[in-house]
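The next block holds one structure in the form of structure tokens; read it before the comments.
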């Protein structure tokens, strides 16, 4: 595929990236995963962050999982829960935890809407390749659906967005919990890593094609990019996207996942599904969380809560 | 994600932080960011409300360290760290007490970026730009293309410091008092305007019945004369005499102007709609007031020069 000129980064995001890239190099692949994990652990939300000013009471539970124990972080709102947000953290399939910093925004929405929050500590690749992460996510979802009444929304960022889409496919195909909606933020959906945007953004931004290859290879090993990859690993592989819950999908125009996110939304519509798609011009991967002060980040955050209200009928 | 936010905002006062400030603003400049992103950068990197005022653009931008745009807020405090703009405004960090070590660098870099934006977006009226000798020639040529001027054009000076630019060959339509500059290649329009302004000084103002439209091309040596009369120039004795004469009777001014401008006394009489003998009487009276004859060639030249100087004094540059 010919590499073409990439879309420019938004001016403020470019400036933020200039500062952030020291800490978050695009050449992820050259880095030691374990060192990165240690670093990432330092960013985990504290108990105080989780309480969100008294909006939630949190407990860490261990529930039965596909391979023994599965850790869940369960936050209950101070009043009666109006529904549940099941959250799957990001981290390229190789990093992060149920306390990852990207959970912070989910807490904001949940607090606003009076939702319970369940965050799943799925096992990470490469020690735990597919299907371990998605089966953990699914097991946590099943437990959550049994524990909480009311609407159930699945949400995740980046790898968590990909896992959320895959978990929704599993729920559909196994006759599992009925989902109200799925929120896929800059989701990691396609192991083939071969879209125009993946090529364009090579060497640029926070999570480039090389980093993406590292993440997918950790999850899939030699199967990455071959016809043997399951749609429950890479939802872009799913041939049938009908019968899925309404989706909210957002992505930046200047990032690896742009084309796979747009394609997923398009295919949901083509399958008779509902999707709300936002493509933010000049956004790099995870821009709204990494450079939250930028005007475009505020714009990108704005439609999420209204969408949640609509799908929840709140 | 707030811990990652912290990586941007909670800069340590060390060399690494300074480099981040430089990198951040350099990148904003490279990306042609507008004023608000720059002010937001200053707020986020300093951890203070940043406030930019640009009075001549009527700009007031206040942003808090989380990146939110704020209202106008309280009047600025003289104690806040601030950096002035060339155009008069300033960028302040709203903090009392001593400035943090990073503040000075944030202000310096942010103001440099603000200047870049103001220079870039200070898109003035193209009319104004083509006449501005201080503007780069490329900028003036671009403005000329926007005006559709072609290769050559002229400047026209008008009252009140106004000016007009006309493509060569444009007929003069206005009756307005004006000085017409020479037709020149577009990059020389500022010089055409200078000549037009000189011509305007010779254009008649009430109650002077002389020509209200004067062409710089036709001034000849009078243009040199114009340089001799400024705000503080003492009027020559002939100008004093002319002023004194004009105070004598209401017909003195039109009579002398007609005589000075007409090829013959008979033509002047026709212009003034008076009998030739009446004109002779009036001139005799005027000559007595002036103190020199105006009916011989030397006296007429002296009269013409006196009127020209009188106009220059009435319309100092």
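Chains as they are written, first to last, in my numbering: chain A, -15 to 298; chain B, 656 to 972. Positions of the beta carbon are idealized from the N, C-alpha and C atoms, including for glycine.
Test: residue i CB closer than 9 Å to a CB of chain B
i	result
residue -7 of chain A	yes
residue 237 of chain A	no
residue 139 of chain A	no
residue 282 of chain A	yes
residue 255 of chain A	no
residue 279 of chain A	yes
residue 10 of chain A	Any reading at residue 10 of chain A needs caution, since the residue's pLDDT is 49, under 50, leaving its predicted position unreliable; the model's value is listed next. False, the Cβ-Cβ gap to chain B never drops below 9 Å.
Chain A contact residues for residue i, given Cβ-Cβ distances below 7 Å
i	result
residue 687 of chain B	-5
residue 699 of chain B	277
Simplified DSSP assignment, three categories, for residue i
i	result
residue 864 of chain B	coil
residue 268 of chain A	coil
residue 838 of chain B	coil
residue 224 of chain A	coil
residue 172 of chain A	coil
residue 821 of chain B	strand
residue 10 of chain A	For residue 10 of chain A, the predicted structure reports a pLDDT of 49, less than 50, and the residue's modelled location is therefore unreliable. A value from the coordinates is still provided. In the structure shown, residue 10 of chain A sits in coil (DSSP, three-state: anything other than H, G, I, E or B).
residue 248 of chain A	helix
residue 944 of chain B	helix
residue 833 of chain B	strand
residue 937 of chain B	helix
residue 816 of chain B	helix
residue 83 of chain A	coil
residue 968 of chain B	helix
residue 931 of chain B	helix
residue 709 of chain B	strand
residue 199 of chain A	helix
residue 792 of chain B	helix
residue 784 of chain B	helix
residue 108 of chain A	coil
residue 664 of chain B	Confidence in residue 664 of chain B is poor, its pLDDT being 48 and thus under 50, which makes the residue's placement unreliable; the coordinate value appears in the next sentence. Helix at residue 664 of chain B.
residue 239 of chain A	coil
Opening and closing residue of the alpha helix (DSSP H) in which residue i lies
i	result
residue 857 of chain B	844 to 857
residue 290 of chain A	288 to 296
residue 717 of chain B	Where residue 717 of chain B is concerned, there is no enclosing alpha helix (DSSP H), although the beta strand (DSSP E) it sits in stretches over 714 to 718.
residue 148 of chain A	143 to 157
residue 913 of chain B	907 to 916
residue -1 of chain A	-5 to 4
residue 185 of chain A	It is not in any alpha helix (DSSP H) - residue 185 of chain A carries neither H nor E in the DSSP assignment.
residue 25 of chain A	17 to 25
residue 770 of chain B	758 to 776
residue 892 of chain B	892 to 901
residue 191 of chain A	Per DSSP, residue 191 of chain A belongs to no alpha helix (DSSP H) and is neither H nor E.
residue 124 of chain A	116 to 131
Minimum Cβ-Cβ distance from residue i to chain A less than 9 Å
i	result
residue 711 of chain B	no
residue 692 of chain B	yes
residue 695 of chain B	yes
Contacts that residue i makes with chain A (C-beta to C-beta distance below 8 Å)
i	result
residue 721 of chain B	276, 277
residue 683 of chain B	-5, -4, -2, -1
Identified DSSP bridge partners for residue i
i	result
residue 749 of chain B	B:704
residue 962 of chain B	None, per the DSSP bridge assignment.
residue 44 of chain A	A:57
residue 232 of chain A	A:167, A:260
residue 137 of chain A	A:69, A:165
residue 723 of chain B	Answer by DSSP bridge pairing: none, since residue 723 of chain B is not bridged.
residue 976 of chain B	Since the first and last residues shown for chain B are 656 and 972, residue 976 of chain B lies out of range.
residue 49 of chain A	A:52
Any non-hydrogen atom of the ligand NAD closer than 8 Å to residue i Cβ
i	result
residue 831 of chain B	Annotation note on the ligand NAD: not contained in the displayed structure, which lists no ligands.
Span of the beta strand (DSSP E), counted from its first residue to its last, around residue i
i	result
residue 61 of chain A	52 to 61
residue 103 of chain A	100 to 105
residue 739 of chain B	737 to 739
residue 807 of chain B	807 to 813
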